[in-house]
Amino acid sequence: MKISNLKIGTRLILSFSVMAMIALILGGFAVFGINKLSNDMEVIGDNRLPTLQALAQLNRERMVIRAQTQSVFGYETQGDAREKYRAIQEERYKSWQRVDQSWQTLVKIPRTSEKGKELQQQLAEQYKAWRAIYVDLDKLLEVLASATEANQKATLYSEYRQLVGRMVPISDVMGKTFDAITENNIIRTNEMIDKGHHKADQLQMAAITATVAGVILAVLLGWLITRSVTGPLRQGSEILEVLAGGDMTHEIPAELTQRKDEAGDLARSMREMTVQLKDMVGQVTQATGQVSAASAEIARGSSDLAQRTEEQASALEETASSMEELTGTVKQSAENAGQANQLASAARAQAEQGGQVVEQAVAAMGAIHHSSKQIADIIGVIDEIAFQTNLLALNAAVEAARAGEQGRGFAVVAGEVRKLAQRSADAAKEIKALITDSVTKVEDGGALVERSGKTLQEIVTAIKKVSDIVAEMAAASREQASGIEQVNKAILQMDQTTQQNAALVEQTAAASHAMGEQAQQLQQLMAFFKLDEGNSPSINSLSNKTHSTVHIHPKRHQHSYQPAVA
Numbered sequence: 001m002k003i004s005n006l007k008i009g010t011r012l013i014l015s016f017s018v019m020a021m022i023a024l025i026l027g028g029f030a031v032f033g034i035n036k037l038s039n040d041m042e043v044i045g046d047n048r049l050p051t052l053q054a055l056a057q058l059n060r061e062r063m064v065i066r067a068q069t070q071s072v073f074g075y076e077t078q079g080d081a082r083e084k085y086r087a088i089q090e091e092r093y094k095s096w097q098r099v100d101q102s103w104q105t106l107v108k109i110p111r112t113s114e115k116g117k118e119l120q121q122q123l124a125e126q127y128k129a130w131r132a133i134y135v136d137l138d139k140l141l142e143v144l145a146s147a148t149e150a151n152q153k154a155t156l157y158s159e160y161r162q163l164v165g166r167m168v169p170i171s172d173v174m175g176k177t178f179d180a181i182t183e184n185n186i187i188r189t190n191e192m193i194d195k196g197h198h199k200a201d202q203l204q205m206a207a208i209t210a211t212v213a214g215v216i217l218a219v220l221l222g223w224l225i226t227r228s229v230t231g232p233l234r235q236g237s238e239i240l241e242v243l244a245g246g247d248m249t250h251e252i253p254a255e256l257t258q259r260k261d262e263a264g265d266l267a268r269s270m271r272e273m274t275v276q277l278k279d280m281v282g283q284v285t286q287a288t289g290q291v292s293a294a295s296a297e298i299a300r301g302s303s304d305l306a307q308r309t310e311e312q313a314s315a316l317e318e319t320a321s322s323m324e325e326l327t328g329t330v331k332q333s334a335e336n337a338g339q340a341n342q343l344a345s346a347a348r349a350q351a352e353q354g355g356q357v358v359e360q361a362v363a364a365m366g367a368i369h370h371s372s373k374q375i376a377d378i379i380g381v382i383d384e385i386a387f388q389t390n391l392l393a394l395n396a397a398v399e400a401a402r403a404g405e406q407g408r409g410f411a412v413v414a415g416e417v418r419k420l421a422q423r424s425a426d427a428a429k430e431i432k433a434l435i436t437d438s439v440t441k442v443e444d445g446g447a448l449v450e451r452s453g454k455t456l457q458e459i460v461t462a463i464k465k466v467s468d469i470v471a472e473m474a475a476a477s478r479e480q481a482s483g484i485e486q487v488n489k490a491i492l493q494m495d496q497t498t499q500q501n502a503a504l505v506e507q508t509a510a511a512s513h514a515m516g517e518q519a520q521q522l523q524q525l526m527a528f529f530k531l532d533e534g535n536s537p538s539i540n541s542l543s544n545k546t547h548s549t550v551h552i553h554p555k556r557h558q559h560s561y562q563p564a565v566a
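Numbered by this note's numbering, the letters in the sequence shown go through residues 1 to 566 in order.
This is how it looks when you write it as structure tokens:
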């Protein structure tokens, strides 16, 4: 695949991808080296140093415990040394705690070399024997701390001395193993450090080599991409300079148009532009000759237009006279329609007033009907009061009869009250009958008044329709008068337009002459471009045509009429 067939964006992406890959490789080298060194340092920090610390602590406590064991012989000749023995036991107990802690730390650390594993196994066996003999020594020291008799103490010291004799070589062997493991750790640590330095040197050299190679590759890619982009653009710029000089015969090289990148797209677009520009220049050149010929035709047509304009002005004079007579007739019709509209409006107003009076009468009858119903209700209340009074009087008479002679006067009064209540009830019934009859008559009168109101409303509606029709007729008459006035104005404008048309005809003739001259100038400008023979029109045949100029002096028509005003 040729690099010129790739898009510019693809090339840039590829170049940046290569540089990113180089950076990724360099970063990978660095990360790999850092991880390796970190692992070595982790081994040193998690394995080597803790091992040395634990070994040093164990060896130190071994010597301390050994010194404590030897110090027991210093109290052999003393009378009572039990307190001294107990102090040694307490110190021994603390030392054993430190020994156990260091030993647990040591056995948890894995050994990485075969020698380290072998030494660790030897140390475990020696440590076991060392702790076992000290179990016997500690027990014997505990018995010795509680002994009081001289013979018993002498026996215990003899046994203690024998155990110490057995302990010393075990302790010495374990100390040598401590030293061997320590030496092995130091050797392994130094080897790891040397390997780390060697790896660091290798990584440094690899990073320098990769960096130099990456820089060289990046510069090479930059040069290739720059050359592949600027070369076609420079050729395209040279072609555009030739086109700017008017030379349309220059062809764009095929090596540019056949490219698959943006430069090829630009070259193909320039080729299409050149073809279109050639066609456009040829068409413009042909069009200038056609415009030159058309200007003469326009001049001849202007002469015919002037003659027709004169005939149109004569016809407008006759039309104006007829419109003046029509204006007077329409004006009279509009005045008559206006008077009829006024009469209809007056009749409509009177009918509406009559309708309002009938509505008021209907409202009054309704009020009378409502008042009559209220009076009937009041009379009903009076009748009910009379009935209650009669009952009360009857009860009073019964009570008076029960009272005998003492209630006789009260009975007479109760009888009179009953009579008055009966008379009130009878009067209330008569009034109620009269009121009921009055309500019935009021309802009949209200119905008649309502019918009269509806009839009068229908009359008002009919008068409104007549008034609306007359108003429409008046409005139509006014619109006709206004329309006639507009027609008069239009005729005046048409006359003015006719005069203006005559002047425009003269201007058109002058413009056609100027257009012919400009067409010749445009042909001279088009001669700047160099075209192929297939695109070159016969300019000489077009420019040799005769352009005639027609001078027209249209007549000015003076009209003595004025438009009638409606």
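Every residue gets a Cβ at the ideal spot worked out from N, C-alpha and C, and that includes glycine.
- Partner residues in a beta bridge of D426, as assigned by DSSP, do not exist.
- Ranked by how close their Cα comes to the Cα of E384, the residues L525, D426, L156 have D426 in first place.
- Between the alpha carbons of Q68 and E159 lies a distance of about 17 Å.
- Shown here for L140: same chain residues with a beta carbon closer than 8 Å to its own, the five before and five after excluded, namely L156, E159, Y160, L163 in chain order.
- Contact check for S372 against S477 fails: the beta carbons are separated by 8 Å or more.
- Taking a C-beta distance under 8 Å as the contact criterion, A397 and G415 qualify as a contact pair.
- Along the segment 106-168, the alpha helix (DSSP H) occurs as fully enclosed runs of 4 or more residues at 114-146, listed in sequence order.
- Straight-line measurement puts the Cα of Y75 at about 42 Å from the Cα of K117.
- With fewer than 16 neighbouring CB atoms inside 10 Å of its own CB, F73 falls in the exposed class.
- For I252, the secondary structure class from DSSP, reduced to helix, strand or coil, is coil.
- Inclusion of M473 and V291 in the CB contact set at 8 Å is not warranted, their separation being larger than that value.
- In this model, E255 and L14 are separated by some 23 Å (Cα to Cα).
- Nearest neighbour of V173 by Cα position, chosen from M19, I22, Q122, turns out to be Q122.
- Two segments are said to touch when three or more pairs of C-beta atoms, one from each, lie closer than 8 Å; by this definition the segment 143-154 touches the segment 79-96.
- For Q57, the enclosing alpha helix (DSSP H) stretches over residues 49-71.
- A475 and Q356 have their alpha carbons spaced roughly 29 Å apart.
- In this structure, DSSP gives Q258 a state outside helix and strand, which the three-state scheme calls coil.
- With 16 or more other Cβ atoms inside 10 Å of its own Cβ, G289 counts as buried.
- Scanning the segment 154-233 for uninterrupted alpha helix (DSSP H) segments of 4 residues or longer gives nothing; none is fully contained.
- Contact check for V412 against A393 fails: the beta carbons are separated by 8 Å or more.
- For T440, the closest C-alpha among the options E359, H369, R92 is that of H369.
- In this model, A519 and T249 are separated by some 25 Å (Cα to Cα).
- Per the Cβ contact rule, the segment 192-202 is not in contact with the segment 210-217 (fewer than 3 Cβ pairs under 8 Å).
- Counting other Cβ atoms within 10 Å of its Cβ, K278 reaches 16 or more and is therefore classed as buried.
- The beta carbon of I382 sits closer than 8 Å to the beta carbons of S424, A428 from its chain, once the five residues preceding and following it are set aside; these are given in chain order.
- Counting of Cβ neighbours within 10 angstroms places Y93 among the exposed residues, the total staying below 16.
- If you draw a 10 Å sphere on the C-beta of S17, you find fewer than 16 other C-beta atoms in it, and that means exposed.
- From the listed residues V107, Y134, A124, Q126, the smallest Cα separation to S95 is found for Y134.
- In the three-state DSSP reduction, Q507 falls in the helix class (H, G or I).
- Secondary structure at L6: coil, using DSSP grouped into helix, strand and coil.
- In this model, N390 and G453 are separated by some 49 Å (Cα to Cα).
- The alpha carbon of N184 has as its nearest neighbour, out of R62, L49, Q353, the alpha carbon of L49.
- CA-CA distance, Q499 to E241, rounds to 55 Å.
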